[in-house]
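In this note's numbering, the protein residues as written are 422 to 694.
Structure, as structure tokens:
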């Protein structure tokens with residue numbers, strides 16, 4: 422099955438969709454030059470072990486990171502915004518940043534960003550949620566009086582025309598209202614996971630609670646994907662190396678705008694500071 426990708430152009434409708442469906446679609450955010458620039462930057466960025474980057478080859482060669490296993494090409498670059506000014510540009514790309522600030526507050530920040538290339542042979546993932554901050558019974562969440570804050574989201578910048586062969590992300594729309602992680606379940610509310618099939622330059626953003634998984638790639642082509650993770654200010658930023666090894670790149674600091682600096686953690690003083 423293929424997930425319905427409907428565009429909402431006004432902020433109020435976008436917020437309603439995130440509350441109702443748990444995800445949102447933005448077509449044509451990137452142009453062809455930007456797509457090519459990002460893909461080239463991903464190809465040229467070398468993995469760093471202490472950053473918890475992951476790397477493997479289709480021949481089962483050198484392996485780094487938690488995705489070890491080999492048999493397919495993988496390059497997964499963490500804290501991408503700190504590796505190149507090209508990646509930095511996309512932490513506050515419109516219209517995603519306006520939605521992020523409306524969901525998470527004007528003092529929101531990013532909690533991470535990854536550049537991800539995967540090749541033929543990547544296996545199916547198990548259905549999972551990234552984070553369920555407030556586990557609750559589904560009947561409680563079904564009550565119209567209950568509206569949970571959106572604590573964290575992931576924006577997926579697709580740099581390929583996504584087909585079933587390329588190994589699309591699959592989601593179960595509305596499953597953020599399950600109030601739990603899927604465990605061994607493969608369906609929710611009668612629905613199976615549905616493929617996100619979209620075009621290069623499109624962006625899909627979804628809540629941390631939604632049930633989703635990566636799927637097997639049978640294509641000879643690599644899949645290129647940029648992710649930006651947004652969250653409320655009080656959610657911890659996840660910038661390896663831990664616990665005190667992370668430092669912002671001086672080149673990034675020198676050209677970051679005030680909004681980008683805030684997204685990177687340069688907040689005004691507040692509670693607990």
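We put the beta carbon where it would ideally sit given N, CA and C, even for glycine.
Computed from a predicted model, the values in this text were never measured in an experiment.
Could you say which of 511, 639 and 542 lies nearest to residue 531 if we only look at CA atoms?
Stepping through the chain shown from its first residue, residue 531 is reached at position 110. Cα-wise, what sits closest to residue 531 is 511.
Inter-stretch contact at 8 angstroms, needing at least 3 Cβ pairs: the segment 664–680 / the segment 542–551:
no
Using CA atoms only, rank isn't needed, just tell me which of 480, 613 and 467 is closest to residue 499.
Counting from 1 along the chain shown, the entry for residue 499 is found at position 78. Minimum Cα distance to residue 499 is reached at 467.
Using only alpha-carbon positions, find the residue among 458, 509 and 478 that is nearest to residue 675.
If you number the chain shown from 1, residue 675 lands on position 254. Per the Cα distances, 509.
If we count Cβ pairs, one from each stretch, closer than 8 angstroms, do we get three or more for the segment 555–566 versus the segment 450–469?
no
Per-residue DSSP class, three states only, for residue 625
In the chain shown, residue 625 corresponds to position 204, counting from 1. Strand.
Distance check for residue 536 and residue 497, CA to CA, integer angstroms please.
Walking along the chain shown from the start, residue 497 turns up at place 76. Walking along the chain shown from the start, residue 536 turns up at place 115. So the alpha carbons of these two residues sit roughly 6 angstroms apart.
Flag this pair as yes or no: are the beta carbons of residue 580 and residue 645 separated by less than 7 angstroms?
For the purposes of this step, residue 580 is identified with residue 159 of the chain shown, where counting begins at 1. For the purposes of this step, residue 645 is identified with residue 224 of the chain shown, where counting begins at 1. Going by C-beta atoms, residue 580 is nearer than 7 angstroms to residue 645.
For the segment 547–628, list the beta strand (DSSP E) runs that are entirely contained and at least 3 residues long, ordered along the chain.
The beta strand (DSSP E) runs of length 3 or more contained entirely in the segment 547–628 are, from start to end of the chain, 573–579, 590–592 and 624–628.
Check whether residue 588 and residue 638 have beta carbons under 7 angstroms apart
Numbered from 1 along the chain shown, position 167 holds the residue referred to as residue 588. Numbered from 1 along the chain shown, position 217 holds the residue referred to as residue 638. Yes, Cβ-Cβ distance for residue 588 and residue 638 is below 7 angstroms.
Is the beta carbon of residue 573 less than 7 angstroms from the beta carbon of residue 692?
Residue mapping note: residue 573 aligns to position 152 of the chain shown, counting from 1. Residue mapping note: residue 692 aligns to position 271 of the chain shown, counting from 1. The answer is no: Cβ separation not under 7 angstroms.
Using DSSP with H/G/I as helix, E/B as strand and the rest coil, what is residue 496?
The sequence position of residue 496 within the chain shown is 75, counting from 1. Collapsing the DSSP output to three states places residue 496 in a strand.
Which same chain residues end up closer than 8 angstroms to residue 528 when comparing Cβ atoms and leaving out the 5 residues on each side of it in sequence?
Position 107 of the chain shown holds residue 528. So the qualifying residues of the chain are 654, 683, 688, 689 and 691.
Would you mind stating whether residue 649 and residue 619 have Cβ atoms separated by less than 7 angstroms?
Along the chain shown, read from residue 1 onward, the residue named residue 649 stands at position 228. Along the chain shown, read from residue 1 onward, the residue named residue 619 stands at position 198. Cβ distance not < 7 angstroms, so residue 649 and residue 619 don't count as in contact.
Quick one: grab the DSSP three-state call for residue 521.
The count along the chain shown starts at 1 and reaches residue 521 at position 100. If DSSP states are grouped into helix, strand and coil, residue 521 belongs with the helices.
Residues bridged to residue 531 [DSSP beta-bridge criterion]
The residue given as residue 531 occupies position 110 in the chain shown. Residue 531 pairs with 651.
Measure how close the beta-carbons of residue 495 and residue 477 come, nearest whole angstrom, since I'm counting them as under 8 angstroms.
For the purposes of this step, residue 495 is taken as residue 74 along the chain shown, with counting starting at 1. For the purposes of this step, residue 477 is taken as residue 56 along the chain shown, with counting starting at 1. Confirmed, about 5 angstroms.
Proximity test, residue 673 beta-carbon vs the ligand FAD heavy atom, cut-off 6 angstroms:
The ligand FAD is not among the ligands present in this structure, which contains no ligands whatsoever.
Output yes or no for whether 7 angstroms exceeds the beta carbon distance between residue 451 and residue 435.
Looking up residue 451 in the chain shown gives position 30. Looking up residue 435 in the chain shown gives position 14. Taking 7 angstroms as the cut-off, the beta carbon of residue 451 is found no closer than this to the beta carbon of residue 435.
Can you have a look at residue 590 and say buried or exposed, based on whether 16 or more other CB atoms are within 10 angstroms of its CB?
Taking the first residue of the chain shown as position 1, residue 590 is located at position 169. Answer is buried; the Cβ neighbour count reaches 16.
Alpha carbon to alpha carbon, what distance is there between residue 459 and residue 630?
The residue labelled residue 630 in the question sits at position 209 within the chain shown. The residue labelled residue 459 in the question sits at position 38 within the chain shown. Approximately 28 angstroms between the Cα atoms of the pair.
Contact belief for residue 603 with residue 424 at Cβ below 8 angstroms, rounded distance in angstroms:
As a position in the chain shown, residue 603 is number 182, starting the count at 1. As a position in the chain shown, residue 424 is number 3, starting the count at 1. About 16 angstroms separates the two Cβ atoms, so there is no contact after all.
Determine whether the beta carbon atoms of residue 562 and residue 611 lie at a separation below 7 angstroms.
Here residue 562 corresponds to residue number 141 of the chain shown, with the count starting at 1. Here residue 611 corresponds to residue number 190 of the chain shown, with the count starting at 1. No; because the gap between Cβ atoms is not below 7 angstroms, this pair is not in contact.
Decide if residue 641 is buried, meaning its Cβ has at least 16 other Cβ atoms within 10 Å, or exposed.
By one-based count along the chain shown, residue 641 stands at place 220. Under this definition residue 641 is an exposed residue.
Just the Cα atoms here: how many angstroms apart are residue 438 and residue 623?
The residue given as residue 438 occupies position 17 in the chain shown. The residue given as residue 623 occupies position 202 in the chain shown. If you take the alpha carbons of residue 438 and residue 623, they lie about 17 angstroms apart.
Going by Cα to Cα distance, which pick from 647, 523, 633 and 475 is closest to residue 553?
Here the question's residue 553 lines up with position 132 in the chain shown. Nearest of 647, 523, 633 and 475 to residue 553, Cα basis: 633.
Residue 671 versus residue 507 - alpha carbon distance
Within the chain shown, numbered from 1, the residue matching residue 671 stands at position 250. Within the chain shown, numbered from 1, the residue matching residue 507 stands at position 86. Taking the CA atoms as reference points, residue 671 sits about 15 angstroms from residue 507.
Which same chain residues, not among the five before or five after residue 533, have their C-beta less than 6 angstroms away from its C-beta?
Locating residue 533 in the chain shown gives position 112, counting from the first residue. Counting only Cβ-Cβ distances below 6 angstroms, and skipping sequence neighbours, we find 650 and 659.
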